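Numbering (our numbering), first residue to last: 247 to 480.
All C-beta atoms, glycine included, are put in the ideal place defined by N, C-alpha and C.
It should be emphasised that the depicted structure is a prediction, and the values quoted were computed from it without experimental measurement.
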C-alpha cells in the first residue's frame, strides 16, 4: 500500500489537525502491516538518563517502530533535514520528536541544538550510519557519533533493528513518496547501556576516533543476526 495518498492529504489539513491525523495514520499502518517483537526491554529499567540510543538504519519506518519500542524513555530522534522536506516522511516527523541536522556537512547549528537538548536532560536516538542502508546490513558509520558522545558526556544504549527493510523498503529510484508498506515481522533488540571508551594517552586522535566508532558499531552489530552485521562483523 502506498503512503503517498495519505501524505498528500496532510497538505490540505490545518496545522492543528496534522499531528492528530498523522498519529492515526501511523498507528493504522503499523497495526495492519507490522508484527513487532521487542527483546531487551528490561535493559531500560534503571538506566542513566539522558542517554544516547544508537541504532542501525534500514527504512523510513525505523523511527516509527523505535518510537513505540522506546516510549518509556521517549527520546528525540536526530533526523536529516531532507526528511522534513518530503511529504511522506513528514508524517512520521509529526508523530515522533525530532531535531534536524544536515547530513554530510559541518552543521554547527544542528550540532549545537542537539548538544543543548542532551545537556537539558533529553535523551536522543541517532542512526550513526547517517542514511538508510541500501544493502540491508550495516554500512560504515559517520565519525560524528563519537564527537557527539564526547561533547555530551552521557552513556549510550545500542539497539539492533531488522525487518523494517521489508516493512517499508527503500525505493530503488530514491523516490520516498513511492515507498509503500508491506506485511513484515519486525525485531527490536535493546542492549545494555555502556560508556564511550576513553582515549589512551599515547593514542593518535584519528586512531582513537576509528577505534571508538568501531567499538560503538559493534555494540549494535552484536544485537543483529549475522546477515545484518555488514562491515562490522564480530
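Residues of its chain near residue i, where Cβ-Cβ distance is below 8 Å and the 5 sequence neighbours each way are ignored
i	result
residue 384	302, 375, 463, 466, 467, 470, 474, 475, 476, 477, 478
residue 386	375, 477
residue 265	340, 341
Nearest neighbour of residue i, chosen from the options [CA to CA]
i	options	result
residue 438	273, 278, 289	289
residue 321	273, 359, 372	372
residue 452	435, 390, 400, 436	390
residue 291	403, 337, 432, 382	403
residue 381	418, 450, 319	418
residue 395	363, 421, 379	363
residue 392	433, 441, 282, 405	441
residue 405	399, 365, 312, 397	312
residue 294	300, 458, 435, 369	369
residue 408	424, 436, 423, 397	436
residue 361	326, 388, 447, 398	398
residue 457	443, 355, 448	443
residue 285	315, 326, 300	315
residue 432	282, 480, 357	282
residue 300	388, 448, 421	388
residue 319	358, 367, 359	367
residue 420	447, 449, 358, 379	379
residue 423	337, 263, 472, 267	337
Three-way DSSP call (helix, strand, coil) for residue i in this model
i	result
residue 309	helix
residue 269	helix
residue 361	helix
residue 322	strand
residue 408	strand
residue 426	strand
residue 346	strand
residue 392	helix
residue 304	coil
residue 248	In this prediction, residue 248 scores a pLDDT of 48, lower than 50, which makes its location untrustworthy; the coordinate-derived value is nonetheless stated afterwards. Residue state, collapsed to three classes: strand.
residue 241	No answer is possible for residue 241: the residues shown for the chain start at 247 and end at 480.
residue 377	coil
residue 449	coil
residue 421	coil
residue 276	helix
residue 338	helix
residue 353	coil
residue 317	coil
Other residues of its chain near residue i: CB distance less than 6 Å, five sequence neighbours each side excluded
i	result
residue 460	none
residue 445	454
residue 353	347
residue 323	309, 342, 344, 371
residue 248	At residue 248, the pLDDT of 48 sits below 50, so the modelled position is not reliable and the matter cannot be decided from this model.
residue 188	As displayed, the chain neither begins before 247 nor continues past 480, which places residue 188 out of reach and without an answer.
residue 434	284, 315, 407
Chain C contact for residue i (CB, 9 Å cutoff)
i	result
residue 390	Annotation note: the requested chain C is absent from the structure, which comprises a single protein chain.
Per DSSP, cross-strand counterpart(s) of residue i
i	result
residue 283	433
residue 371	299, 323
residue 402	298, 440
Contacts around residue i, its chain only, beta-carbon distance under 7 Å, and the 5 residues preceding and following it disregarded
i	result
residue 400	296, 297, 298, 364
residue 429	279
residue 356	346, 347, 348
residue 480	464, 467, 468
residue 287	436
Item to complete: Specify whether the segment 409 to 422 and the segment 295 to 315 touch according to this definition: at least 3 beta carbon pairs, one from each stretch, less than 8 Å apart.
Response: yes
Worksheet item: Does the segment 270 to 284 touch the segment 337 to 344, meaning 3 or more C-beta pairs lie closer than 8 Å?
Response: yes
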